[in-house]
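Participant: Under this note's numbering, the residue at position 90 of the sequence shown is numbered 116, and the numbers go up by one with no gaps.
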Amino acid sequence: MCVSNVKQHSQKGALAKDSLNQALRLFPEDKNLDLPIGKKKAKLLDQLSENNLAWKGKITLAHRTVASKTKQQTDIFDLKAQSLKMIYRMEKTTLKL
């Protein structure tokens, strides 16, 4: 049907570009057949998804490691800050005596 419309427009003297544009307007979406994908392509897609999951798992593990180390350092800094405050208070009280 599309080809016959293009031929009719071509016979009337329309430009080939106009004919093609009109044919594309008549059928804006491609008609894809729902065929199953081949075994090789399915295996490749499966491997890619496994690699993708493995990569994401490594990144997640790295984020967790960084977060735990950051928490440890924060706890150490908090303890140091508390001890410095305690030393300051002790010096302050000894100066009063």
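Quick reminder that beta carbons are idealized off the backbone N, C-alpha and C, glycines included.
Just so it is clear, the structure is predicted and the values come from calculations on it, not from any experiment.
(1) List the endpoints of the continuous alpha helix (DSSP H) containing Leu123.
(2) Quick one: Cα of Gly83 to Cα of Lys67, how far?
(3) Could you check what DSSP says for Ile63 in three-state terms: helix, strand or coil?
(4) Can you tell me whether DSSP reads Leu105 as helix, strand or coil?
(5) Can you give me the C-alpha to C-alpha distance between Thr119 and Lys111, rounded to a whole angstrom?
Facilitator: On the basis of the coordinates in this document:
(1) Element bounds for Leu123: n/a, residue is neither H nor E.
(2) Rounded to whole angstroms, Gly83 and Lys67 show a C-alpha spacing of 24 Å.
(3) If DSSP states are grouped into helix, strand and coil, Ile63 belongs with coil.
(4) Leu105: helix per DSSP, three-state reduction.
(5) Approximately 12 Å between the Cα atoms of the pair.
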